[in-house]
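Colleague: Questions regarding the structure given below will be posed in turn.
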């Protein structure tokens, strides 16, 4: 069963692993625009915590940023494979004063570990994830 799952994983095209999503900040809202026309957004004013983490995708890690929007732990997520990610990173300090801009090393190493770290706001997510 495991071998079959691995074969299916490696047969997957990059398009199926990473859907084509454009992200941007417009008028204080983080905007997701998917290739199929689906569009979502949320107000950056509603964010209580910005955190970074990695997803272990078996042969490589995917750097992600989460935006917690309420106290129960609900969050929006972006990742480094989304179109506009680098531009969005440059804009974050404008919306989140005092954000830790040197977070990359904390989340990138060691490899293949989640390394969830809060970089702005009241830290809740790292503790919630450790309990799971």
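In the numbering used here, the protein residues as written are 61 to 192. Idealized CB from N, CA, C, for every residue including glycine.
Identify the continuous beta strand (DSSP E) that holds residue 94 and give its terminal residues.
Modeller: Per DSSP, residue 94 belongs to the beta strand (DSSP E) from 89-94.
Colleague: Should residue 165 go down as buried or exposed, given a rule of 16 or more other Cβ atoms within 10 Å for buried?
Modeller: By the 10 Å Cβ count, residue 165 comes out exposed.
Colleague: Helix, strand or coil, according to DSSP, for residue 185 in the structure here?
Modeller: Correct three-state label for residue 185: helix.
Colleague: Which of the three DSSP states, helix, strand or coil, is assigned to residue 107?
Modeller: Three-state DSSP puts residue 107 in coil, outside helix and strand.
Colleague: Let me check understanding here. Comparing Cα to Cα, which of 141, 104, 133, 130 lies closest to residue 117?
Modeller: The residue with the shortest Cα to Cα distance from residue 117 is 141.
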